[in-house]
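Just so it is clear: in the sequence shown, position 945 is 944 by numbering that gives the first Met the number 0, and no numbers are missing.
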Amino acid sequence: MSAPAPVSAAPRPDVPDEATLQKLERALREVVPNGEVAFGRLRRAEYAQDASVYRQVPAAVVLPADTDELAAALAACHALNVAVTLRGAGTSIAGQAVGDGVVIDTSKYLNRVLEVDPEARTTKVEPGLVQAALQKACKPHGLRFGPDPSTHARCTIGGMIGNNACGTHSVAWGRTADNIVELEVLTYDGVRMTLRSLSAEELQQVIDEGGRRGEIHEQLRNLRDNHLTMLRTEFGRFRRQVSGYSLEHLLPENGFDLPAAMVGTEGTCAVVVSATVKLVEIPARRTLIALGFSDLPAAGDAAQHVLKHQPIACEGLGGDQVAALRRNVPDARPEEMLPEGAGWMLCEFGHDDDTPDPEAEQARAEVLKADTGAIDVRLVQDPAEQAALWRIREDSSGLATRAPDGSEAWPGWEDSAVPVEKLGDYLRDLEKLLQRHGLQGTPYGHFGEGCVHIRIDFDHETPEGVQIFRQFMSDAADLVASHGGTLSGEHGDGQARAEFLPQVFSEEAMDAFSDFKAIWDPGNRLNPGILVHPRPADERLRIKPGHRPTLPMTTTLALAEDDGDLSKALRRCVGIAKCRTSSGGVMCPSYRATGDETHSTRGRARVLYEMVQGEVITDGWQSEEVADALDLCLSCKGCKSDCPVGVDMATYKAEFLHHHHKGKIRPITHYSLGWLPLWSRLASYAPGVVNAIGGNRATAALLKKAGGIAPERPIPPFAKRRFRQWFHRSHKPALPGSRGKVLLWPDTFTEFMSPQVGQAAVEVLEYAGFEVVLPPDRLCCGLTWHTTGQLDTAKKVLGRTLDAVDPYLKQGMPLIGLEPSCTSLFRTDATEMFPGDERAVRLAKQTMTLAELLDQKAPDVEFGRLGDKTVTAMTQTHCHQHATLGSKADDRVLARAGVDSGRLDSGCCGLAGNFGFEKGHYDVSVAVGEQALLPALREAPEDTVVLADGYSCRTQITQLSDRSPRHLAEVLRDALRSRRSD
0 MSAPAPVSAA
10 PRPDVPDEAT
20 LQKLERALRE
30 VVPNGEVAFG
40 RLRRAEYAQD
50 ASVYRQVPAA
60 VVLPADTDEL
70 AAALAACHAL
80 NVAVTLRGAG
90 TSIAGQAVGD
100 GVVIDTSKYL
110 NRVLEVDPEA
120 RTTKVEPGLV
130 QAALQKACKP
140 HGLRFGPDPS
150 THARCTIGGM
160 IGNNACGTHS
170 VAWGRTADNI
180 VELEVLTYDG
190 VRMTLRSLSA
200 EELQQVIDEG
210 GRRGEIHEQL
220 RNLRDNHLTM
230 LRTEFGRFRR
240 QVSGYSLEHL
250 LPENGFDLPA
260 AMVGTEGTCA
270 VVVSATVKLV
280 EIPARRTLIA
290 LGFSDLPAAG
300 DAAQHVLKHQ
310 PIACEGLGGD
320 QVAALRRNVP
330 DARPEEMLPE
340 GAGWMLCEFG
350 HDDDTPDPEA
360 EQARAEVLKA
370 DTGAIDVRLV
380 QDPAEQAALW
390 RIREDSSGLA
400 TRAPDGSEAW
410 PGWEDSAVPV
420 EKLGDYLRDL
430 EKLLQRHGLQ
440 GTPYGHFGEG
450 CVHIRIDFDH
460 ETPEGVQIFR
470 QFMSDAADLV
480 ASHGGTLSGE
490 HGDGQARAEF
500 LPQVFSEEAM
510 DAFSDFKAIW
520 DPGNRLNPGI
530 LVHPRPADER
540 LRIKPGHRPT
550 LPMTTTLALA
560 EDDGDLSKAL
570 RRCVGIAKCR
580 TSSGGVMCPS
590 YRATGDETHS
600 TRGRARVLYE
610 MVQGEVITDG
620 WQSEEVADAL
630 DLCLSCKGCK
640 SDCPVGVDMA
650 TYKAEFLHHH
660 HKGKIRPITH
670 YSLGWLPLWS
680 RLASYAPGVV
690 NAIGGNRATA
700 ALLKKAGGIA
710 PERPIPPFAK
720 RRFRQWFHRS
730 HKPALPGSRG
740 KVLLWPDTFT
750 EFMSPQVGQA
760 AVEVLEYAGF
770 EVVLPPDRLC
780 CGLTWHTTGQ
790 LDTAKKVLGR
800 TLDAVDPYLK
810 QGMPLIGLEP
820 SCTSLFRTDA
830 TEMFPGDERA
840 VRLAKQTMTL
850 AELLDQKAPD
860 VEFGRLGDKT
870 VTAMTQTHCH
880 QHATLGSKAD
890 DRVLARAGVD
900 SGRLDSGCCG
910 LAGNFGFEKG
920 HYDVSVAVGE
930 QALLPALREA
940 PEDTVVLADG
950 YSCRTQITQL
960 SDRSPRHLAE
970 VLRDALRSRR
980 SD
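As structure tokens, this is what we get:
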């Protein structure tokens, strides 16, 4: 069967011509004085994509400072007949948040909670408010907004209204449409009105008042009356029937509920100015029951039986998501939390009381197992374990973006839905359809409501692949229709699925959609090409068949996981925007400090991608726009693990800086800080003199000015004696270790600045039965050169190290790192600099942290305890350790010494190696620290043990607080000394 021909679309003007753009820029700059109006390449590149497969560079981007500027910007566009696309967090999966006219982003400034009414259980908010921020504002009242998509930490209420978002708990609390009380909206032609549910008498009164508002209401009533039978038979058949416009809300029996009808219109009818939404009561306590099944369709069969037990969530999960989490996240062991099976359902129950009843809850779990035919069940009561399991589900859209074989997978057939009783059969038929087209993808989703998410390995790079994409989409539309379902269960149709709506709706319904759109936006200027008169599903794809980027793609780093292809690496960013969250994990500290898309991982990936394409950003590696976007990147590597698809911006930044400055004089900090290992070695010959210069206000100021160092930063002192000197001259080795030899790596910071850390490590290692060996002198991992993009030098430095340490590694010695950033480079970056080199592979495999060694090779060693009772510490995890090494081994080892790590979920400390020392970065560095770390330090009791293995972390803590942080080795050393003294 041949692929369907693209549907015809209503005429639409193309991108505004140059004369119109000039008039538009003048008009917008005049009426948006406090917000931002951007016609430059940087902003337009950032907003060229959302979370879909589509790409369209806008003519301009506007970030209005308030609702008056929003209205004025819309009026300016109307005066020149320029199309407008509204955008919140930009997480739309069907292409609704990209357009060729003006993109208006409400998320930066229009993000206030206007009022909360606990008695009425309602709240009024602006459209750019993030869902999680709304929950935080309502929590003190014991209330929350019911709908909670997996993107709840960054999606906006306006976006949720646009797509009729539902989320995990919709089985209990409904869709966004079920939770809307009033909407204040603007039409494209500037009419501002409040929409609410109306009785027949109230509706007639509005019509009688006349004007554009009365006209709209009259036309909507006529539309309803002309299609009563169709609306009552085709619409509202099951809750997740989200496709098209939800015209059933216009019915008299539904109260002519215009706010609900406007939900899900995907920005095609009106602009939301504010919304009044319902709130629900927060359960006093929750329990989670995980059910394991032989496969995912079996879980689908069981969903309808779970509903009898009134869960507040019922989510399906496949094996590929679990495997992807294990691949991407250090320390991840999801199989330890899940029951036996190859497909799972996570069933959550809310309780009115906060007193656990383990026996009753276990009994419920067993009943659920019996009722559903599950092969295994696990009751999860610990909130931390519950959160870990929900993280797998929340990250699924990103985790599913790479198939198990490493191929790219894409949204498109993203959120189809069927009546829940048909879910299992639909999943089986969907699997057969995928096989028939030679495609693969693992479903997951909101099984309690029959909604299925899936990412599929569509080939958009070849004409044949695009043909298969079109044919699959059409066949899938027929399939879901045969099961009584719909194309979209919560994300909207957008461009991806709208052209296939005639396969699930009647011709009369399609005409009603067109009429509804025309009533609100007769000129088709609001989000044209979306939902009504749609663009073909294969138009404006992010990847153009046969297109080859103009920029030469030869990279210095291997980018092994992306086949050495920078363009493919950048396509990892699918736009789900987890980097735009405000708390938890590490990613993305600079966005959290500035709240600007430019400084998010996604924003940077978008700009780099446009650099590679060479259409918007045309000067390639020499692009100043890219350099600006990367300037505030801390190279923390948080995105490597926190981003569900493993975007590694630190690596991309190093690659860019390498090319950008190649053959040119570099920024002074690349010499002063990038060559720190060399300067540290020179300083070690006269540390007293160097410290005197650095400690004197006048000479330090001159030194910092010459080196491009932030004047606010004290210069850290150098140790009086190097670690290596102590080891060879003062250290008295213990007897030969019963557990063998270990190669202790003396990194620059341990060697020249914190030798006490190395000394403590030697004492601990020898106590544990290891013989400590040091590598030859004058070696370095090359980290500072790598971070500043001096990759040729970094490779030379690391190459010498590989030559020197390989003989030890060949003997089977593990290399023990004390500084997380250096350890991380050995573990992950070395093979990127030396792909296929057996020495680098050996180094990566045999590099261990101190905690990993003690946890794996000396699990029986008793270190003693710091006190009579368990000591609760405060631990700042180094970003590179978080991203590539993990910290569970540290927690286990600390527990053996009677220490609860108290590990902060606080993200980056803000110093991040050279970043916080560079001139112009100090304020952002402090702002990052103020996100969680510094307030936690101020609130902690004075006797709290503060742990920080990273030298940067310890420096930031020392300089910005009155605390004296310690390394794990020092804490263990103190514990064993306490044991010896007992």
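All C-beta atoms, glycine included, are put in the ideal place defined by N, C-alpha and C. It should be emphasised that the depicted structure is a prediction, and the values quoted were computed from it without experimental measurement.
Under the DSSP definition of a beta bridge, which residues are partnered with residue i?
i: Gln-48; result: Arg-54
i: Phe-292; result: Gly-342
i: Met-832; result: None; Met-832 has no bridge partner.
i: His-304; result: Note: His-304 sits in no beta bridge, so no partner.
i: Cys-154; result: The partner list for Cys-154 (beta bridge, DSSP) is empty, contrary to what the question assumes.
i: Glu-280; result: Leu-142
i: Phe-348; result: Thr-286
i: Thr-871; result: Asp-899
i: Trp-744; result: Gly-816
i: Val-611; result: For Val-611, which the question treats as bridged, DSSP gives no partner whatsoever.
i: Gly-189; result: Paired residue(s): none; Gly-189 is not in a bridge.
How about residue i and residue j: are their beta carbons less than 8 Å apart?
i: Leu-306; j: Val-321; result: no
i: Arg-236; j: Cys-450; result: no
i: Val-97; j: Gln-21; result: no
i: Arg-401; j: Tyr-53; result: no
i: Gln-930; j: Arg-591; result: yes
i: Glu-765; j: Gly-736; result: yes
i: Ser-679; j: Phe-726; result: no
i: Arg-579; j: Arg-153; result: yes
i: Ile-179; j: Val-262; result: yes
i: Val-989; j: Met-812; result: Because the chain spans 0 through 981 in this model, residue 989 falls outside it and cannot be assessed.
i: Gln-758; j: Phe-722; result: yes
i: Glu-489; j: Glu-45; result: no
i: Glu-420; j: Ile-92; result: no
i: Leu-629; j: Lys-652; result: yes
i: Pro-940; j: Arg-953; result: no
i: Asp-641; j: Val-585; result: yes
i: Thr-650; j: Leu-797; result: no
i: Ala-289; j: Arg-377; result: yes
Could you tell me how far apart the beta carbons of residue i and residue j are, in whole angstroms, since I believe they sit closer than 8 Å?
i: Asp-353; j: Arg-284; result: 5 Å
i: Val-60; j: Ala-37; result: 4 Å
i: Phe-255; j: Glu-247; result: Between Glu-247 and Phe-255 the Cβ distance is about 11 Å, and since that is not below 8 Å, they are no contact.
i: Pro-643; j: Ile-575; result: 7 Å
i: Pro-533; j: Glu-560; result: Actually they are not in contact, since the Cβ atoms of Pro-533 and Glu-560 sit about 35 Å apart, beyond 8 Å.
i: His-452; j: Gly-464; result: Not quite, the Cβ-Cβ distance comes to about 22 Å (not below 8 Å), so this is no contact.
Counting C-beta neighbours from all protein chains within 10 Å, is the total for residue i 16 or more, i.e. buried, or is it exposed?
i: Met-0; result: Low local confidence applies: a pLDDT of 41 at Met-0 is under 50, so the model's placement there is unreliable, with the coordinate-based value given in what follows. Exposed.
i: His-459; result: buried
i: Ser-7; result: Bear in mind that the predicted position of Ser-7 carries a pLDDT of just 38, short of 50, making it unreliable; the figure below should be weighed with that in mind. Exposed, since its Cβ has fewer than 16 Cβ neighbours within 10 Å.
i: Lys-703; result: buried
i: Ile-664; result: exposed
i: Glu-609; result: buried
i: Glu-654; result: buried
i: Ser-589; result: buried
i: Thr-228; result: exposed
i: Asp-223; result: Looking at the sequence shown, residue 223 is not Asp but Arg. So Arg-223 counts as buried.
i: Gln-494; result: buried
Q. Are the stretch 510-519 and the stretch 549-556 in contact at 8 Å, needing three or more beta carbon pairs?
A. no
(Q) Count Cβ pairs between the stretch 81-95 and the stretch 521-529 that sit closer than 8 Å; are there 3 or more? (A) yes
Q.
Does the structure place the stretch 86-104 close enough to the stretch 61-75 that three or more beta carbon pairs sit under 8 Å?
A. At 8 Å Cβ cutoff, the stretches touch.
Q: Spell out a yes or no on whether the stretch 469-477 and the stretch 419-434 are touching, meaning 3 or more CB-CB pairs, one atom from each, closer than 8 Å.
A: yes
Q) Do three or more CB pairs link the stretch 118-128 to the stretch 267-284 at distances below 8 Å? A) yes
Q. Okay, do the stretch 285-295 and the stretch 176-196 touch, 3+ Cβ pairs below 8 Å being the bar?
A. no
Q. Three or more beta-carbon pairs under 8 Å between the stretch 893-912 and the stretch 828-845, yes or no?
A. no
Q: Check whether the stretch 741-755 touches the stretch 665-680, taking contact to mean three or more Cβ pairs, one atom from each stretch, closer than 8 Å.
A: Contact between the stretch 741-755 and the stretch 665-680 is established, with three or more Cβ pairs separated by less than 8 Å.
Q) Counting pairs of Cβ atoms below 8 Å between the stretch 799-817 and the stretch 864-878, do you hit three or more? A) Cβ pair count under 8 Å is below three, so no.
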